[in-house]
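Top to bottom, those sequences are chains A and B.
Under our numbering, think of the first position of the first sequence as 271, with each following residue one higher.
Under our numbering, think of the first position of the second sequence as 271, with each following residue one higher.
Every residue, glycine too, gets a C-beta built ideally from N, C-alpha and C.
Keep in mind that this is a model prediction, so the values were computed, not measured.
2 protein chains.
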Amino acid sequence: MDVPAESPSPGLQPGQLLARGVCRHMLSLGFATVEELVPTGGLRVDVMALGPKGEVWVIECKSSRADYMADHKWQGYLPWCDRFFWAVGQDFPAELLPDETGLIIADPYDAEILRMGPETRLSGARRKVMVQKFARHAALRLQALRDPQHSGLL
Amino acid sequence: MDVPAESPSPGLQPGQLLARGVCRHMLSLGFATVEELVPTGGLRVDVMALGPKGEVWVIECKSSRADYMADHKWQGYLPWCDRFFWAVGQDFPAELLPDETGLIIADPYDAEILRMGPETRLSGARRKVMVQKFARHAALRLQALRDPQHSGLL
């Protein structure tokens, strides 16, 4: 019987473990990240990354073929970022993914960009909105962790 | 002999306890906050608050007269915010503080704005810089708390 290796982090789902590896790699590229940001009603991106020059990237993490096939919203994310990427495990059938999107191979500990997402630059007005959403999202979640007895708005 | 009341939070300094109360109150006003943000080299603000319309407020927390008298940098914060406030405890000699600044009375649990800081609106370019600094600061600290084994850049 196989003995499972030490769990990489017991509380996280497979997609969240990929997101953790993605966020670590983005940090090494100088990008700050948040998870589960809502760019507009009805959409929630797995990872939004904010680069040193204000670049806005969105990364959707798919832990399985079924997880990917169930996503009918991803094209709705494109107008909210400069570049769009999928992040998948190394066993994922990457040929399923559209050519005109970025591709990141991830595990719970790190990630690597295999194919850059094509750039479609946000307008100045939309970038401003997205950076502000990112800022408030990150700060409200940070405050909830720093001051857990008082996180009424989350 | 007086028996001290339960400590409000053992690890925090008096100024940090004021900041916590300030951040709680700002949250009730719809402002997200971060602590100890560096707007430019050599300056570090106690609290930067980001309002729902992109307002940038700076709040300096002073736990004592000596703490205030030792601050020779506060005028340097004015060009980095739309409004500037002091936050002090109720026993602080508020007459020391310049009239043309905002005043917040705070304790570790909450705060109240007694005098609004006058508005000197940031330029669009500087607001963009400040919102982006706020965003990256909040997200990097959040990541350090969420993923403490990997916070190399902090």
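* Asked: Are the Cβ atoms of ILE375/B and LEU384/B separated by less than 9 angstroms?
  -> Yes.
* Give a yes or no on whether 9 angstroms exceeds the smallest Cβ distance from THR303/A to chain B. => yes
* GLY312/B: buried (16+ other C-beta within 10 angstroms of its C-beta) or exposed? -> Under this definition GLY312/B is an exposed residue.
* Contact residues within the stretch 307-339 of chain B, judged by C-beta distance below 7 angstroms to chain A -> LEU320, GLY324
* To do: Measuring alpha carbon to alpha carbon, tell me which of MET339/A, GLY291/A, ALA414/A, PRO388/A ends up nearest ALA364/A.
  => MET339/A
* To do: Quickly, what does DSSP pair PHE355/B with across the bridge? List them, please.
  => ILE329/B, GLY372/B
* To do: For chain B, find out if any of its Cβ atoms is closer than 9 angstroms to the Cβ of ASP352/A; answer yes or no.
  => No, because no Cβ of chain B sits closer than 9 angstroms to the Cβ of ASP352/A.
* Classify PRO274/B as buried or exposed, calling it buried when 16 or more other Cβ atoms lie within 10 Å of its own Cβ. => Confidence is the limiting factor: at PRO274/B the pLDDT is only 47, short of 50, which leaves the residue's position unreliable, though a coordinate-based value still follows. It is exposed - the Cβ of PRO274/B has fewer than 16 other Cβ atoms within 10 Å.
* Of all the options PRO349/A, ALA319/A, TRP350/A, GLN419/A, which has the alpha carbon lying nearest to the alpha carbon of ALA408/B? -> ALA319/A
* Could you check which residue in LYS323/A, PRO309/A, GLU389/A, GLY394/A has the C-alpha nearest to that of ARG406/B? => Among LYS323/A, PRO309/A, GLU389/A, GLY394/A, the Cα nearest to that of ARG406/B is on LYS323/A.
* Euclidean distance between Cα positions of GLN413/B and VAL304/A -> If you draw a straight line from the Cα of GLN413/B to the Cα of VAL304/A, it comes to about 8 angstroms.
* Give a yes or no on whether the C-beta atoms belonging to ARG290/B and ASP417/A are separated by under 9 angstroms. => yes
* Sub-9 angstroms separation of PHE301/B and GLY285/B beta-carbons -> Remark: C-beta atoms of PHE301/B and GLY285/B do not approach each other more closely than 9 angstroms.
* Taking GLU325/A as the reference, give the member of GLU389/A, ARG411/A, LEU373/A with the closest Cα. => GLU389/A
* To do: Please work out which residues of its chain come closer than 8 angstroms, Cβ to Cβ, to MET400/A, disregarding the five sequence neighbours upstream and downstream, and give them in chain order.
  => PRO309, MET318, VAL326, TRP350, CYS351, LEU392
* With a CB to CB cut of under 7 angstroms and the five nearest residues on each side skipped, what residues in its chain are close to ASP272/B? -> Because ASP272/B carries a pLDDT of 44, less than 50, the predicted location of this residue cannot be relied on, and the following value inherits that uncertainty. Taken in chain order, the list of residues that qualify is empty.
* Measure the C-alpha to C-alpha separation of TRP356/A and CYS293/A and round it to an integer number of angstroms. => 13 angstroms
* Buried versus exposed, by CB contacts within 10 Å (16 or more), LEU307/A -> In summary, LEU307/A is buried, with 16 or more beta-carbon neighbours lying within 10 Å of its beta-carbon over all protein chains present.
* To do: For PHE404/B, decide whether its Cβ has a neighbour in chain A, counting only Cβ atoms nearer than 9 angstroms.
  => With 9 angstroms as the cut-off, PHE404/B counts as an interface residue toward chain A.
* Going by alpha carbons, who is nearest to ASP380/A out of LEU299/A, GLY372/A, GLN283/A? -> For ASP380/A, the nearest C-alpha among the options comes from LEU299/A.
* Can you name the residues of chain A whose CB is closer than 7 angstroms to the CB of ARG290/B? -> ASP417
* Helix, strand or coil for ARG385/A, going by three-state DSSP, please let me know. => strand
* **Alpha-carbon to alpha-carbon, ALA336/A and ARG397/B** => 43 angstroms
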